[in-house]
Structures are given as C-alpha cells and as structure tokens.
Amino acid sequence: MIDEDVRVVEEPFVPPEFVVPLALVTERFRLEPLGPQHNDSDYEAWSSSVEHIHRTPGWETSSWPDDRSKSDNLRDLQRHADDFENRAGFTYTVLDPATGDVIGCVYIYPEQSGQHDASVRSWVRASRAELDVELWRSVTAWLADEWPFERVAYAERSGSS
Numbered sequence: 065m066i067d068e069d070v071r072v073v074e075e076p077f078v079p080p081e082f083v084v085p086l087a088l089v090t091e092r093f094r095l096e097p098l099g100p101q102h103n104d105s106d107y108e109a110w111s112s113s114v115e116h117i118h119r120t121p122g123w124e125t126s127s128w129p130d131d132r133s134k135s136d137n138l139r140d141l142q143r144h145a146d147d148f149e150n151r152a153g154f155t156y157t158v159l160d161p162a163t164g165d166v167i168g169c170v171y172i173y174p175e176q177s178g179q180h181d182a183s184v185r186s187w188v189r190a191s192r193a194e195l196d197v198e199l200w201r202s203v204t205a206w207l208a209d210e211w212p213f214e215r216v217a218y219a220e221r222s223g224s225s
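Counting with the numbering used here, you get residues 65 to 225 for the letters of the sequence shown.
Right under this line is the structure:
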C-alpha cells in the first residue's frame, strides 16, 4: 500500500526553462512544428511511401503507417500539435524549402525504458529517399547542440559514418 502522503512526481520531458526550437533550416529541407495545416501534404507524403517508411531504420516494426483516412490523419496531426503545445513530445514536419511540400517528419518523444532521455524517429517520402541520411545527420547534430538530452535513441542510418 502506498502512503497517501507519497506522490509520484513525473519529471517533465524537457525542463520548464528550455526554449523549444521552432525550426531547423538547411539548404535542402526545413523543419517546423507539425500541425493540422499540413494535413493534405503530410497525408500524400506518407501514404505514397508506406513500404519505404517501413524499411526506414526505427520503423521496421511500427504499426504506422497504416490505412487511415485523411480525416483520421488530421486528428493525429492535432494530437501531435497538442503534444508540442503541452511539451509532452515534439513532432516536426520536414518541408521542401522551395515548394513547402512535406517530405518527411521527425518525432522527438520520451523514451519509455528509461535508458534514454528521448526517442527520435524520422522518415522521408520515397521520392526523396536520398535525404534520409542527411536528415538523420542534421537532426543528430541539432539534438546534441540545442536540446537538453544526454542520451538519445535514434536509429543510425547506413552510410552515416
């Protein structure tokens, strides 16, 4: 039995004083917080790349992407936006800087086992597969330079050495 005076205090995912980055910009892509405004382009990006995403490191055993509808996707994007607002997890859309089209996503969430400070996964659409290693490298450096994590679980990419 737990004494009622004992409370389990859950640590925040990021410290309250941490200013969450709102962008990562490179010559080949731009990251910004994912939200409902990205639904059409996001849906097209992942639904045209299901097999490719399942072959991407970190996604091999995931149940997503699946056969959800565009309206179900919209609810998922709103959930990610709510997580961002509540500092419970941070999902970024990866945009083509020239067209603004969604070319992928990056997810930064608490890691459940406690062995890492964060679990990070990313994907790019099949038609932009050449950007996967570059995105992994850029996000890995960004996490090391600008985020408060010491131990990050983020599946390494082949050809990333």
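Cβ atoms here follow ideal geometry from the backbone N, Cα and C, with glycine treated the same way.
* To do: Tell me whether Met65 is buried or exposed, calling it buried when 16 or more other Cβ atoms sit within 10 Å of its Cβ.
  => Taking the sequence shown and counting its residues from 1, one reaches residue 65 at position 1. Caution is warranted here: a pLDDT of 43 is assigned to Met65, below 50, making its placement in the model unreliable, and the coordinate value is therefore given only provisionally. By the 10 Å Cβ count, Met65 comes out exposed.
Below 8 Å, how does it come out for the region 101–119 and the region 205–220: are there three or more Cβ pairs, yes or no?
Contact check between the region 101–119 and the region 205–220: fewer than three CB pairs, one atom from each, fall below 8 Å, which does not count as touching.
Per the DSSP calculation, Ser222 is bridged to which residue(s)?
Translated into positions along the sequence shown, residue 222 becomes position 158. Ser222 pairs with nothing; no bridge assigned.
Check: Could you give the distance in angstroms between the alpha-carbon of Phe154 and the alpha-carbon of Tyr173?
Finding: By 1-based counting over the sequence shown, the position of residue 154 is 90. By 1-based counting over the sequence shown, the position of residue 173 is 109. Distance between the alpha carbons of Phe154 and Tyr173 is about 6 Å.
Suppose only complete runs of 3+ residues qualify. What are the beta strand (DSSP E) ranges in the region 142–203, listed by chain order? Within the region 142–203, the complete beta strand (DSSP E) runs of at least 3 residues are 154–159, 166–173 and 182–188.
Discussion item. Using 8 Å for Cβ pairs, my map puts Val166 next to Ala205. What's the rounded Cβ distance?
Written reply: As a working note, residue 166 is residue 102 in the sequence shown. As a working note, residue 205 is residue 141 in the sequence shown. About 22 Å separates the beta carbon of Val166 from that of Ala205, a gap too long to meet the 8 Å contact definition.
Check your understanding: Got a sec, what are the start and stop residues for the alpha helix (DSSP H) Glu115 sits in?
Key -> Within the sequence shown, residue 115 is the residue found at index 51, counting from 1. If you look at Glu115, you'll find it in the alpha helix (DSSP H) that goes Val114 to His118.
Query raised in the report: Are the region 169–187 and the region 144–153 touching by the rule of at least three beta carbon pairs closer than 8 Å?
Result: The region 169–187, when compared against the region 144–153, does touch it at the 8 Å Cβ threshold.
Nearest neighbour of Glu194, chosen from Phe82, Val84 and Arg92 [CA to CA]
The count along the sequence shown starts at 1 and reaches residue 194 at position 130. Scanning Phe82, Val84 and Arg92 for the CA closest to the CA of Glu194 turns up Arg92.
| said: Just to confirm before moving on: does the CB-CB distance between Phe148 and Gly99 stay below 9 Å? | reply: In the sequence shown, the residue the question calls residue 148 occupies position 84. In the sequence shown, the residue the question calls residue 99 occupies position 35. It is a contact, given that the beta carbons lie within the stated cut-off.
Worksheet item: Which first and last residues belong to the alpha helix (DSSP H) in which Glu108 is found?
Response: For the purposes of this step, residue 108 is taken as residue 44 along the sequence shown, with counting starting at 1. Element bounds for Glu108: Asn103 to Ser111.
Contacting residues, own chain, Cβ-Cβ under 8 Å from Val84 (five flanking each side not counted):
Within the sequence shown, the letter at position 20 stands for residue 84. Val78, Phe148, Arg151 and Phe154, listed in sequence order.
**Message:** Using DSSP's beta-bridge definition, name the partner residues of Ala217.
**Reply:** In the sequence shown, residue 217 corresponds to position 153, counting from 1. When DSSP reads this structure, Ala217 sits in a beta bridge with Ser183.
Quiz prompt | Member of Val158, Ser183 and Arg192 whose CA lies at the smallest distance from the CA of Ser112 | solution = As a first step, residue 112 is located in the sequence shown; it is residue number 48 there, counting from the start. For the residues Val158, Ser183 and Arg192, the minimum Cα distance to Ser112 belongs to Arg192.
**Asked** Who are the Cβ neighbours of Ala190 in its own chain at under 7 Å, not counting the five residues just before and after it?
**Response** Locating residue 190 in the sequence shown gives position 126, where the first residue counts as 1. These residues qualify, in order along the chain: Ser112, Ser113 and His116.
Quick one: what does DSSP say Glu210 is sitting in, helix, strand or coil? Residue mapping note: residue 210 aligns to position 146 of the sequence shown, counting from 1. Residue state, collapsed to three classes: helix.
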